[in-house]
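**Student:**
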Amino acid sequence: MPYENASVSERRTLPPAVAVSTVAFALRPPEDALIGDQQGRTGGADAAITLWLPLVRRTRAPFLGCWALPGGPTQWDETLSDTALRTLRAAVLRDPGYLEQLYSFGGVERSAEAQRLVTIAYWALYGERDLLAPTAPASGEAVDPRRDPERPRRWDDPDPGETTSGAPGAAPEAEAGRTGEARTDRRTPPGDPDPNVVWFSADRLPELAFDHAEIVAYALARLRSKTEYEAVAHRFLGPVFTLGRLRAVTEAVLGETVDPANFRRQALAQGNLVDTGEVETGARHRPARLYRFRDEPLTAPPGRPDQPTRAAARSRETAEPQDPTPRSTP
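Per the working numbering, residue 103 is the first one in the sequence shown, and the count goes up by one each step.
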């Protein structure tokens, strides 16, 4: 029974709606993107590095005109990761280089006056190569990324034999309004920036709808934690990079200064980096060595447990929900 046609008593027995929202981090917005402020856009390789993420302006109640994370209802013929990729492609016009499920947010009152909503949050990373890729087709139709030969395999891709139940196409507008998520079906010509999708610096975010500020904080905590002991910072960079560039990315993620000598020693001791034997070109100073990551980086140096930095520990204390049910934001 549709939620809007149900009585008050019947609505209490309806199952929650399921949607996906994704926090997508990048070191800079795509060149064709709209940005919320001009700070951080200018500057070349020597410019200060910061994190950016796309937000979607809501075009319906509740929270009409407010900013929210890209996302929307899961369609019948999609897995959860399919929904995350489809809505990211609609917002960013490109596939991310990394995608991981983050957490489930299901507070009783989080969807305001609409049907109760459970959101499966994802976080994604856009590296330099991802942002330079040709724009991907974006529409309201579901796209099964497993059938896209150009898309790299994600860590959480289902087994090749797994199937999804086929049925309807995109959810109707009423469904998008009921679930309350920032649905990213496009109404602009393919390849053109959506005026309702704008990139913001992660440290200068506007007020967000629902509990999306909590989701962003939790995603940032996860990113900081993984930067410490699972080597994900290199995913922001190209195939080769200098240690200085990798350190700058790490500092941007952790939000604190890292001692150059200690960083170099620890990065090389972990065994994840491979010296390419080449040096950077066009540098005004002594050219630095270029490194790449091994295909399967180690989780930690042999015989040495991981010790997250103070920044990672702080972010987990302030962002990680203290009980199985995150705080609700009407």
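We put the CB at the ideal spot given by N, CA and C, even for glycine. The structure presented is a predicted model; accordingly, all values stated were derived computationally and were not measured.
Would you call Thr-359 buried or exposed, if buried means 16 or more other Cβ atoms sit within 10 Å of its Cβ?
**Tutor:** Flag for Thr-359 reads exposed.
**Student:** Whether or not the region 344–358 and the region 199–209 are in contact is what I'm after, with contact meaning three or more pairs of Cβ atoms, one per stretch, closer than 8 Å; do they touch?
**Tutor:** Output reads no: the region 344–358 does not touch the region 199–209.
**Student:** Does DSSP classify Ile-222 as helix, strand or coil?
**Tutor:** Three-state result, Ile-222: strand.
**Student:** Quick check on the DSSP output: the beta strand (DSSP E) that includes Arg-394 runs from which residue to which?
**Tutor:** Note, Arg-394: beta strand (DSSP E), 391–395.
**Student:** Does the beta-carbon of Val-122 have 16 or more other beta-carbons within 10 angstroms, so that it is buried, or is it exposed?
**Tutor:** By the 10 Å Cβ count, Val-122 comes out buried.
**Student:** Per DSSP, which residues does Pro-175 bridge with? Please list them.
**Tutor:** Pro-175 pairs with Ala-121.
**Student:** Does the separation of the CB atoms of Thr-237 and Gly-173 fall below 8 Å?
**Tutor:** No. Outside cutoff.
**Student:** Taking the C-alpha atoms as reference points, what is the distance between Pro-117 and Phe-165?
**Tutor:** Distance between the alpha carbons of Pro-117 and Phe-165 is about 23 Å.
**Student:** Between Ala-440 and Leu-153, what straight-line distance do the alpha-carbon atoms span, to the nearest angstrom?
**Tutor:** Absent from the structure is residue 440, since the part of the chain shown begins at 103 and ends at 432.
**Student:** Along the chain, where does the beta strand (DSSP E) containing Leu-153 start, and where does it finish?
**Tutor:** Element bounds for Leu-153: n/a, residue is neither H nor E.
**Student:** Do the region 383–392 and the region 362–369 make contact, defined as three or more Cβ pairs closer than 8 Å?
**Tutor:** These segments do not touch.
**Student:** Between Arg-160 and Arg-324, what straight-line distance do the alpha-carbon atoms span, to the nearest angstrom?
**Tutor:** Arg-160 and Arg-324: Cα-Cα distance of roughly 26 Å.
**Student:** Kindly indicate which three-state DSSP category Gly-346 falls into: helix, strand or coil?
**Tutor:** Residue state, collapsed to three classes: helix.
**Student:** Nearest to Ala-319 by CA position, among Arg-188, Tyr-224, Asp-139, is which residue?
**Tutor:** Of the listed residues, the one whose Cα sits closest to Ala-319 is Tyr-224.
**Student:** If I follow the unbroken beta strand (DSSP E) through Glu-380, where does it start and stop?
**Tutor:** It spans 375–381 - the beta strand (DSSP E) in which Glu-380 sits, taken as one unbroken run.
**Student:** Can you give me the Cβ contacts of Gly-167 inside the same chain, cut-off strictly under 7 Å, excluding the 5 residues immediately before and after it?
**Tutor:** Closer than 7 Å at the Cβ level, and outside the excluded window around Gly-167, lie Arg-159, Arg-160.
**Student:** Can you give the Cα-Cα distance for Ala-390 and Asp-377, rounded to whole angstroms?
**Tutor:** Whole-angstrom Cα-Cα distance: 11 Å.
**Student:** How many whole angstroms separate the CB atoms of Ile-151 and Trp-301, which I take to be in contact at a CB cut-off of 8 Å?
**Tutor:** With 8 Å as the limit, Ile-151 and Trp-301 do not qualify as a contact, their Cβ atoms being about 15 Å apart.
**Student:** Who are the near neighbours of Gly-229 in its chain, counting only those whose CB is closer than 6 Å to its CB and skipping five residues on each side?
**Tutor:** For Gly-229, where only same-chain residues beyond five positions count, the Cβ hits under 6 Å are Gly-199, Arg-337, Phe-338.
**Student:** Skipping 5 residues on each side, what residues in its chain have a beta carbon closer than 7 Å to that of Ile-317?
**Tutor:** Excluding residues within five positions, the ones whose Cβ falls inside 7 Å are Ser-123, Val-125, Leu-171, Phe-207, Ala-223.
**Student:** For Arg-337, does the three-state DSSP call read helix, strand or coil?
**Tutor:** DSSP places Arg-337 in helix when its eight states are reduced to three.
**Student:** Do you know offhand how far Ala-354's Cα is from Gly-209's?
**Tutor:** Roughly 31 Å separates the two Cα atoms.
**Student:** Does DSSP put Arg-366 in a helix, in a strand, or in coil?
**Tutor:** Arg-366 falls in the helix class under three-state DSSP.
**Student:** With which residues is Ile-137 paired in a DSSP beta bridge?
**Tutor:** According to DSSP, which records beta bridges pairwise, Ile-137 is partnered with Trp-301.
**Student:** Count the other CB atoms, across all protein chains shown, that sit within 10 Å of the CB of Asp-139; report buried if there are 16 or more and exposed otherwise.
**Tutor:** Counting Cβ neighbours within 10 Å, Asp-139 comes out exposed, since fewer than 16 surround it.
**Student:** Quick one: residues in its chain with C-beta nearer than 6 Å to the C-beta of Ala-128, no 5 flanking neighbours on either side, listed in chain order?
**Tutor:** Counting only Cβ-Cβ distances below 6 Å, and skipping sequence neighbours, we find Trp-154, Tyr-228.
**Student:** Nearest-angstrom Cα distance between Thr-176 and Arg-196?
**Tutor:** Distance between the alpha carbons of Thr-176 and Arg-196: 19 Å.
**Student:** Using DSSP with H/G/I as helix, E/B as strand and the rest coil, what is Arg-159?
**Tutor:** Arg-159 falls in the strand class under three-state DSSP.
**Student:** Within its chain, find whatever has a CB closer than 8 Å to the CB of Arg-231; leave out the 5 residues flanking it on each side and keep chain order.
**Tutor:** Contacts found: Gly-199, Gly-340, Pro-341.
**Student:** Shortest alpha-carbon distance to Leu-356 belongs to which of Asn-374, Ala-335, Pro-362?
**Tutor:** The candidate whose alpha carbon is nearest that of Leu-356 is Ala-335.
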